[in-house]
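Report on the following structure.
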Amino acid sequence: MKKNHEIWYERGFLLLCGFSVLLPLAILFYFVAQVVMDGFGRLSLQFLLGFPSRFAEQAGVLPGLVGSFYLLLITGLIALPIGVGAAVYLEEYGKRSRLATLIEVNISNLAGVPSVIYGLLGLAVFVRALGMGRSILAGGCTLAFLVLPIVVISTREALRTVPQGFREASAALGATKWQTIRGVVLPEAMPGILTGAILALSRALGETAPLVVVGALTYVTFLPNSLNSPFTALPLQIYNWVSRPQAAFAANAAAGIVVLLILMLAMNMIAVILRGRMQNRR
Amino acid sequence: MKSINTALKLTGVVGLVVSLGACVKKKTEEAVIPAVPQVTVTLDGSSTVFPISEAIAEEFKKANQDNVTIGVSGTGGGFKKFCSKEVAMVGASRAITAEEAQACSTNGVNFIELPVAFDGIAIVVNPKNTFAESVTVAELKMLWAPEAQGKVTKWSQVRAGWPDKEIHLFGPGVDSGTYDYFTKAIVGTEHSSRGDFTSSEDDNVLVQGVTADEFSLGFFGLSYFEANKEKLKLVKLDDGVAENGEGPIAPNATTIGDATYQPLSRPIFIYVSSSALTENEAVARFSSFYAQNAGRVAAHVGYVALPTDLAAIVTQRLTDRKIGSLFSAEAAKGTVRSVLEASKLPAAPAAEGAAVPTDAAAPAPTAAPAPAAVPAAPAPAPHGQHPAK
Numbered sequence: 057m058k059k060n061h062e063i064w065y066e067r068g069f070l071l072l073c074g075f076s077v078l079l080p081l082a083i084l085f086y087f088v089a090q091v092v093m094d095g096f097g098r099l100s101l102q103f104l105l106g107f108p109s110r111f112a113e114q115a116g117v118l119p120g121l122v123g124s125f126y127l128l129l130i131t132g133l134i135a136l137p138i139g140v141g142a143a144v145y146l147e148e149y150g151k152r153s154r155l156a157t158l159i160e161v162n163i164s165n166l167a168g169v170p171s172v173i174y175g176l177l178g179l180a181v182f183v184r185a186l187g188m189g190r191s192i193l194a195g196g197c198t199l200a201f202l203v204l205p206i207v208v209i210s211t212r213e214a215l216r217t218v219p220q221g222f223r224e225a226s227a228a229l230g231a232t233k234w235q236t237i238r239g240v241v242l243p244e245a246m247p248g249i250l251t252g253a254i255l256a257l258s259r260a261l262g263e264t265a266p267l268v269v270v271g272a273l274t275y276v277t278f279l280p281n282s283l284n285s286p287f288t289a290l291p292l293q294i295y296n297w298v299s300r301p302q303a304a305f306a307a308n309a310a311a312g313i314v315v316l317l318i319l320m321l322a323m324n325m326i327a328v329i330l331r332g333r334m335q336n337r338r
Numbered sequence: 284m285k286s287i288n289t290a291l292k293l294t295g296v297v298g299l300v301v302s303l304g305a306c307v308k309k310k311t312e313e314a315v316i317p318a319v320p321q322v323t324v325t326l327d328g329s330s331t332v333f334p335i336s337e338a339i340a341e342e343f344k345k346a347n348q349d350n351v352t353i354g355v356s357g358t359g360g361g362f363k364k365f366c367s368k369e370v371a372m373v374g375a376s377r378a379i380t381a382e383e384a385q386a387c388s389t390n391g392v393n394f395i396e397l398p399v400a401f402d403g404i405a406i407v408v409n410p411k412n413t414f415a416e417s418v419t420v421a422e423l424k425m426l427w428a429p430e431a432q433g434k435v436t437k438w439s440q441v442r443a444g445w446p447d448k449e450i451h452l453f454g455p456g457v458d459s460g461t462y463d464y465f466t467k468a469i470v471g472t473e474h475s476s477r478g479d480f481t482s483s484e485d486d487n488v489l490v491q492g493v494t495a496d497e498f499s500l501g502f503f504g505l506s507y508f509e510a511n512k513e514k515l516k517l518v519k520l521d522d523g524v525a526e527n528g529e530g531p532i533a534p535n536a537t538t539i540g541d542a543t544y545q546p547l548s549r550p551i552f553i554y555v556s557s558s559a560l561t562e563n564e565a566v567a568r569f570s571s572f573y574a575q576n577a578g579r580v581a582a583h584v585g586y587v588a589l590p591t592d593l594a595a596i597v598t599q600r601l602t603d604r605k606i607g608s609l610f611s612a613e614a615a616k617g618t619v620r621s622v623l624e625a626s627k628l629p630a631a632p633a634a635e636g637a638a639v640p641t642d643a644a645a646p647a648p649t650a651a652p653a654p655a656a657v658p659a660a661p662a663p664a665p666h667g668q669h670p671a672k
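Each protein sequence line maps, in turn, to chains H and A. In terms of our numbering, the first sequence opens at residue 57 and continues consecutively. In terms of our numbering, the second sequence opens at residue 284 and continues consecutively.
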């Protein structure tokens with residue numbers, strides 16, 4: 057009799073779990089389907105290669121697309137080496153000290169700081185103090201700072217998954233610490249590091265608020281041609297279209313969202329492929 | 284082993300410092316570049332003015348090589364950048380304030396003020412609402428004043444005869460120029476209204492709100508009504524002043540253009556820095572293109588073009604580089620027409636230097652309808668002039 061109860065409990069729990077999986081998936085699917093339906097008609101080469109226009113049908117996302125691409129490039133080039141380096145230091149070299157704990161707590165907290173705050177930091181440090189002006193470089197540096205804690209945390213998690221025995225075995229073979237890290241720990245942790253990096257860059261791709269604070273524009277008639285260029289980004293263009301009264305611009309916004317989603321999917325795909333390659337090589 | 288360990292730590296730290304320095308290093312390389320400035324027109328400011336600016340920039344680009352950049356940081360944010368010489372032009376959904384003019388003059392920024400179009404603020408209700416056809420300014424004031432909070436909660440309190448149902452209010456966010464203008468025109472004091480209304484920075488959200496609620500009333504830019512005509516019902520507005528059209532008036536291109544839809548039609552502006560005009564030919568080209576073509580694109584983006592004679596005055600003001608604001612101390616000082624025409628009449632030489640009253644605290648009653656108000660040649664008072672509060 058009691059056993060029967062247990063079975064029902066288990067079934068109920070299973071049902072609940074299944075429901076918890078399905079509900080967010082269904083909501084996500086609904087939103088994506090809605091956006092794709094709204095925006096699909098607008099997706100074309102002309103939309104990808106066009107400049108913003110007052111005629112919704114002629115408007116395109118090229119400056120935003122190119123701006124976002126360059127921003128990602130700058131963000132990645134700055135945040136990944138620093139972030140991975142910091143994580144390697146904290147995880148492999150750093151000793152358990154009060155300072156280390158303090159740094160750790162701070163990094164976790166930084167990951168939760170609202171992005172606008174990073175925008176203000178970028179405005180004060182990069183735009184003003186370092187004299188970069190409202191340039192794409194300042195925007196990229198700001199986003200790099202924004203995602204730095206994410207890179208550090210995810211890299212540390214990845215490093216922790218490497219069994220301690222690997223390090224000891226490497227040391228036993230006479231490898232120095234540097235050789236161990238370069239030859240054993242980093243390759244072993246690379247899939248995890250990559251996942252974290254892609255997550256971080258995806259977050260940077262979707263950010264609007266810090267860019268607005270740093271001085272991203274909404275309309276530019278040219279593409280960024282140097283690190284010093286004024287710039288715009290895809291999310292800003294989408295935001296602008298969403299707030300327009302005419303329904304045709306809403307379709308443009310939906311199409312812009314689809315482009316943004318495809319970009320993110322592509323980035324995630326690259327991460328998955330790279331990860332697969334690395335795991336096979338071993 | 285220990286020494287190696289320390290050495291590694293050191294290299295790690297050095298590596299970090301180097302990559303950190305990359306940010307800084309790039310900057311010093313960049314610092315050389317601004318010495319050869321790109322010929323670029325920089326514009327910032329209100330999101331209300333953005334659609335017109337975008338349209339103008341689009342047309343301008345077809346015939347010119349100059350690069351144009353437009354940012355959207357709001358009227359206030361735009362003036363901040365403008366007065367610190369970060370941008371050459373600013374789009375504003377209201378006239379410059381005394382504080383902003385002060386900031387500009389402190390930094391030595393002289394500006395030329397160009398009204399480029401009219402925008403109407405529409406009062407809307409749900410289409411199921413059959414009783415509210417029109418509303419008076421007095422009723423709106425009673426409804427939106429700060430004192431009304433928690434007290435005026437039913438339609439029947441606004442006008443006897445309207446149903447005894449709760450009224451739900453929708454309005455733009457308190458940081459928007461539309462809210463500023465509405466409160467000034469209706470309540471009487473800028474930025475002062477009841478707080479218990481649903482507000483959103485996105486006017487499309489307000490449209491949704493009014494559409495979904497049978498006993499709602501909201502206000503927002505006319506273009507948002509035009510784009511959602513079938514989902515909303517427009518309420519006519521009666522300002523109780525006979526000279527500018529008797530009885531309730533609905534906002535449309537005609538009533539906004541001839542200033543009979545009062546007091547909720549407003550001019551929107553472009554401010555140009557006069558030093559940028561002289562130093563940067565692209566700014567000169569773009570701003571005159573703007574003044575001449577704003578009327579052509581206004582209707583397409585949901586605004587009302589200035590009548591041609593007024594547009595001509597505005598263009599002339601730009602050509603003459605008339606510095607200062609005509610509209611800044613405007614409470615209910617007169618229509619755009621009367622102010623602009625008055626500015627044209629006595630071409631007093633002193634007008635050039637005169638800017639807006641810079642002391643915010645100084646009560647500026649009937650003084651200076653135009654900067655041309657010099658003792659020797661008193662400017663004709665525009666009709667419908669009330670003392671500014």
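We put the beta carbon where it would ideally sit given N, CA and C, even for glycine.
In summary, the residues of the region 350 to 381 of chain A whose CB is separated from some CB of chain H by less than 9 angstroms are Asn350, Val351, Thr352, Ile353, Gly354, Val355, Ser356, Lys364 and Glu369, in the order they occur in the chain. Contact annotation: Gln335(H) and Val117(H) have beta-carbon atoms that are not nearer than 8 angstroms. Residue-level contact by beta carbon holds for Asn487(A) and chain H, with a gap shorter than 8 angstroms.
Following the DSSP letters along the chain, one finds Ile469(A) in no beta strand (DSSP E), marked with neither H nor E. Non-local C-beta neighbours of Ala533(A) in its own chain, meaning closer than 7 angstroms and more than five positions away in sequence, comprise Leu517 and Lys519, ordered along the chain.
Here Pro398(A) carries a strand assignment [DSSP, helix/strand/coil]. Along the region 578 to 599 of chain A, the positions whose C-beta sits under 7 angstroms from a C-beta of chain H are Val580, His583, Val584 and Gly585, read in chain order. The beta carbon of Gly106(H) is closer than 7 angstroms to those of Gln114, Ala115, Gly116 and Leu118 in its chain, skipping five residues each way along the sequence. Sorting Asn576(A), Ala340(A) and Val332(A) by C-alpha distance to the C-alpha of Val324(A) places Ala340(A) at the top. Taking CB atoms only, Gly106(H) has no neighbour in chain A less than 8 angstroms away. Among the residues facing chain H, Pro550(A) is not included, as its CB has no counterpart in that chain under 8 angstroms away.
The straight-line gap separating the alpha-carbon atoms of Ile134(H) and Ala200(H) is approximately 6 angstroms. For Asp521(A), the uninterrupted beta strand (DSSP E) segment begins and ends at Lys516 to Asp521. Using a C-beta cut-off of 8 angstroms, the region 210 to 218 of chain H makes no contact with the region 168 to 183 of chain H, since fewer than three inter-stretch Cβ pairs fall below that distance. Linking Val161(H) to Gln235(H) through their CA atoms gives a straight-line distance of about 29 angstroms. Close partners of Glu509(A) in chain H (Cβ separation under 9 angstroms): Pro301 and Gln302. Counting the other Cβ atoms within 10 Å of the Cβ of Arg190(H) gives 16 or more, which makes it buried. Per DSSP, the continuous alpha helix (DSSP H) segment holding Leu128(H) begins and ends at Leu118 to Val144. With a contact defined as Cβ atoms closer than 8 angstroms, Ala309(H) and Trp297(H) qualify at about 4 angstroms.
Residue burial is scored here from C-beta neighbours: Phe75(H) has fewer than 16 other C-beta atoms within 10 angstroms and is therefore classed as exposed.
Pairing Ile206(H) with Ala256(H) gives a Cβ-Cβ distance under 8 angstroms. Between Phe502(A) and Lys448(A), the C-beta gap is not smaller than 8 angstroms, which leaves the two residues out of contact. Inclusion of Phe365(A) and Tyr554(A) in the CB contact set at 8 angstroms is warranted, their separation being smaller than that value. Three or more Cβ pairs closer than 8 angstroms define a contact, and the region 542 to 561 of chain A meets that threshold against the region 373 to 393 of chain A. The straight-line gap separating the alpha-carbon atoms of Ile249(H) and Gly150(H) is approximately 19 angstroms.
At a cut-off of 8 angstroms between beta-carbon atoms, Lys344(A) makes contact with chain H.
Contact between Val597(A) and Pro398(A) holds: CB atoms are separated by about 6 angstroms, below the 8 angstroms threshold. For Tyr149(H), DSSP assigns no beta-bridge partner whatsoever. For the region 107 to 118 of chain H, the set of residues with a beta-carbon nearer than 7 angstroms to any beta-carbon of chain A comprises Pro108, Ser109 and Arg110, in chain order. Put simply, of Ala142(H), Leu129(H) and Ala225(H) the residue whose alpha carbon is nearest the alpha carbon of Gly196(H) is Leu129(H). Chain-ordered listing is empty here: chain A has no CB closer than 7 angstroms to the CB of Tyr86(H), the nearest sitting near 18 angstroms. Listed by position along chain H, the residues whose Cβ is nearer than 7 angstroms to that of Phe465(A) form an empty set, because the closest Cβ is around 17 angstroms away. By the Cβ-count criterion, Lys605(A) is buried, with 16 or more other Cβ atoms from all chains shown falling within 10 Å of its own Cβ. Across the structure, Ala405(A) and Pro301(H) are spaced so that their CA atoms are roughly 13 angstroms apart. Interface residue (Cβ-Cβ distance to chain H less than 8 angstroms): Phe333(A) is classified as such.
Sixteen is the threshold: when 16 or more other Cβ atoms of the shown chains lie within 10 Å of the Cβ of Asp327(A), as they do, the residue is buried.
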